[in-house]
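The structure appears below as structure tokens.
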Amino acid sequence: MKKIAVIGTGYVGLVSGTCFAEAGNQVTCCDINQSKISSLLQGIMPIYEPGLKELVQKNVERETLAFTTKIDEAVRAAEVVFIAVGTPMSATGEADLTYVKQAAETIGSNLNGYKVIVTKSTVPVGTGKLVESIIRKSAPKGQAFDIVSNPEFLREGAAIKDSMNMERAVIGATSDKAYEIIAELHIPFTSNIVKSSVESAELIKYAANAFLATKISFINDIANICERVGADVTKVSEGIGLDSRIGSKFLQAGVGFGGSCFPKDTSALLHIAQDSGYDFNLIKAVMETNEGQRAQVVEKIMAALGSLKGKTISVLGLAFKPDTDDVRFAPALDIIPQLKTLGAQVKAFDPIAIGEAKKQLGNQCDYSDDLYETIKHTDACIVLTDWKEVKGLDLVKVKRLLKRPVIVDGRNLFDLDEMHDLGYTYISMGRPAVY
Ligand code: NAD
1 MKKIAVIGTG
11 YVGLVSGTCF
21 AEAGNQVTCC
31 DINQSKISSL
41 LQGIMPIYEP
51 GLKELVQKNV
61 ERETLAFTTK
71 IDEAVRAAEV
81 VFIAVGTPMS
91 ATGEADLTYV
101 KQAAETIGSN
111 LNGYKVIVTK
121 STVPVGTGKL
131 VESIIRKSAP
141 KGQAFDIVSN
151 PEFLREGAAI
161 KDSMNMERAV
171 IGATSDKAYE
181 IIAELHIPFT
191 SNIVKSSVES
201 AELIKYAANA
211 FLATKISFIN
221 DIANICERVG
231 ADVTKVSEGI
241 GLDSRIGSKF
251 LQAGVGFGGS
261 CFPKDTSALL
271 HIAQDSGYDF
281 NLIKAVMETN
291 EGQRAQVVEK
301 IMAALGSLKG
311 KTISVLGLAF
321 KPDTDDVRFA
331 PALDIIPQLK
341 TLGAQVKAFD
351 PIAIGEAKKQ
361 LGNQCDYSDD
371 LYETIKHTDA
381 CIVLTDWKEV
391 KGLDLVKVKR
401 LLKRPVIVDG
411 RNLFDLDEMH
421 DLGYTYISMG
431 RPAVY
């Protein structure tokens, strides 16, 4: 059992803090955001994540999990301090380390004994050294501490499951003692631990996300070729994915990747490469293809409807993927303003993410968590998130509700023959269009 402080109670800090508590550690999750901590103290989750509320409640009740804005106190009481603050994309595309630096200063000025300081946030190579130097400057002279890089690999929407059953943990430590402490914390979650230097651990996180983003853009490029040569990308994907050297995951063509990680991490990796003197052309192409996929959705709806002036479009899905309320870099945030600029009215459906989307899109569209109300009387429908509600659409009913039977599907959810038989104009990604 270890006393742990987690600085930053967002998707990563809250989930991993809760899982460390579930494993029997004494965890305090801290944040500078007073309203987030107040909500948590009242049992209200600031994010949507399946299974999170129950696990938080259980651990608060058995007093293994606490929440506070008093970061100083939590750091002083802890043996292990995790930094899990945001590292958003800066205006120039690099990772913004403002919050990481703030956290390091707080840790340094409250270092009252040996502690292991673990960076869980996704940070550029060299940040471990930076955190170490900030702490050394503000800590009492001669106070011993160790630095660890322990990047997080959880997926939003499956965060608890991923954290309780990690495929691997990566631990880059500055001492064997620190490595052992952090490795022991991971025993309940995984037996696959990759021991590396701090620098390698920092790069592993970016390399993992960039590789997954590359798979997505690769299949999207193949989808674009499919459209030109009359092939079907879902078949191509199946045909290559069954090769175990390739694997079928992250090979679904569509509107491209979004979310709080892939866009910012590919961009940050490009900068890491540039700063090291390397021109990472492949990742530039991955980012370019991704932007093109979003533009295609708008082109496809225009191809089906002609001018969008005076038309009403229903958009199904605001979250960047199902089972999360996260809309950071979600395709909807790009596509809805484009539809508006082209003169369309937009009605948007999402079962969970309306609150978050409103903060970004304001009154650019009407929002509803009622799928069929959203579709009713619209000229066409665009699918952007593969929510189970959307996958399970009653297509006969939808056809009755739409003014014209037009669906542009950014997630390739429906069967081409069925859409043909139902009389739809159905335009998906990398598959023959149905008219
Ligand atoms: P988030 O924005 O949801 O949460 C970050 C939290 O840190 C916020 O609540 C913010 O108020 C708090 N914070 C900022 N500065 C602080 C400070 N000085 N002291 C205390 N709290 C502070 O971010 P997130 O999605 O949890 O991501 C955190 C990090 O983990 C990022 O580097 C991200 O790239 C990485 N990551 C995220 C995911 C994911 O799926 N969200 C997965 C793996 C890794």
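Residue numbers 1 to 435, in the UniProt record's numbering, belong to the letters of the sequence shown in order. Quick reminder that beta carbons are idealized off the backbone N, C-alpha and C, glycines included. The model shown is predicted, which means the values in this text are computed figures rather than measured ones.
Any non-hydrogen atom of the ligand NAD within 7 Å of residue i CB
| i | result |
| --- | --- |
| LEU130 | no |
| SER39 | no |
| GLY43 | no |
| TYR48 | no |
| SER109 | no |
| GLY86 | yes |
| TYR206 | no |
| ALA158 | no |
| CYS29 | no |
| PHE153 | yes |
| THR312 | no |
| GLN143 | no |
| GLN34 | no |
| CYS19 | no |
| ARG360 | The amino acid occupying residue 360 in the given sequence is Gln; Arg does not appear at that position. Because no heavy atom of the ligand NAD lies under 7 Å away, the Cβ of GLN360 does not count as near it: no. |
| GLN296 | no |
| ALA103 | yes |
| CYS261 | yes |
| THR122 | yes |
| THR9 | yes |
| ILE352 | no |
| GLY172 | no |
| VAL75 | no |
| VAL12 | yes |
| residue 457 | Missing from the structure shown is residue 457; the chain here goes from 1 to 435 and no further. |
Short Cβ contact (8 Å threshold) for residue i with residue j
| i | j | result |
| --- | --- | --- |
| GLU54 | VAL15 | no |
| ILE181 | VAL27 | no |
| LYS300 | VAL131 | no |
| PRO351 | TRP387 | yes |
| SER314 | LYS340 | no |
| LYS215 | LEU185 | no |
| LEU402 | THR378 | yes |
| LYS195 | GLU152 | no |
| ALA178 | VAL148 | yes |
| ARG168 | ASN192 | yes |
| THR69 | CYS29 | no |
| VAL75 | ALA173 | no |
| ALA103 | VAL85 | yes |
| LYS137 | GLY108 | yes |
| LEU270 | LYS284 | yes |
| ILE335 | VAL390 | no |
| residue 436 | LEU342 | In the structure displayed, the chain extends from 1 to 435; residue 436 sits before or after that span and is not available. |
| LYS2 | ASN25 | yes |
| ILE135 | LEU111 | yes |
| GLN345 | THR312 | yes |
| GLU202 | VAL100 | no |
| THR106 | LEU65 | no |
Continuous alpha helix (DSSP H) stretch holding residue i: start and end
| i | result |
| --- | --- |
| PHE218 | 198-229 |
| CYS19 | 11-22 |
| ALA78 | Neither: ALA78 is in no alpha helix (DSSP H) and is coded neither H nor E. |
| GLN252 | Run containing GLN252: none; DSSP gives neither H nor E here. |
| ILE32 | Segment: none, ILE32 is in no alpha helix (DSSP H) and carries neither H nor E. |
Limits of the beta strand (DSSP E) - the one that residue i falls within
| i | result |
| --- | --- |
| VAL236 | Premise fails: VAL236 lies in the alpha helix (DSSP H), 233-241, not in any beta strand (DSSP E). |
| ALA5 | 3-7 |
| TYR278 | Per DSSP, TYR278 belongs to no beta strand (DSSP E) and is neither H nor E. |
| LEU371 | Unbroken run through LEU371 is the alpha helix (DSSP H), 371-375; no beta strand (DSSP E). |
| LEU65 | 65-68 |
| VAL60 | Careful: VAL60 lies outside any beta strand (DSSP E), inside the alpha helix (DSSP H) at 52-61. |
| VAL434 | That residue, VAL434, is in no beta strand (DSSP E); it is neither H nor E in DSSP. |
| VAL383 | 380-383 |
| ILE427 | 425-427 |
Neighbour flag for residue i against chain B, beta carbons, 8 Å
| i | result |
| --- | --- |
| VAL434 | Absent from the structure is chain B; it holds one protein chain and no more. |
Which complete alpha helix (DSSP H) runs does the segment 110-165 hold, if anything under 4 residues is left out? 127-138 and 159-164
Next on the checklist: Quick check for students: name the residue ranges of the beta strand (DSSP E) that lie wholly in the segment 387-423, counting only runs of 3 or more.
Outcome noted: 406-409
What residue ranges within the segment 293-365 form continuous beta strand (DSSP E) runs of no fewer than 3 residues, ordered along the chain? 312-316 and 345-349
What runs of the alpha helix (DSSP H), each 4 residues or longer, lie entirely inside the segment 163-196?
-> 176-186
Next on the checklist: Between the segment 257-266 and the segment 312-328, can you find at least three pairs of beta-carbon atoms closer than 8 Å?
Outcome noted: Of all C-beta pairs linking the segment 312-328 to the segment 257-266, three or more are shorter than 8 Å, placing the two stretches in contact.
May I ask you to verify whether the segment 32-39 touches the segment 132-149, counting CB pairs closer than 8 Å and requiring at least 3?
no
Would you say the segment 297-311 touches the segment 241-250, given that touching needs at least three Cβ pairs under 8 Å? no
Review point. Is the segment 220-237 touching the segment 286-294, taking contact as three or more C-beta pairs under 8 Å?
Key: yes
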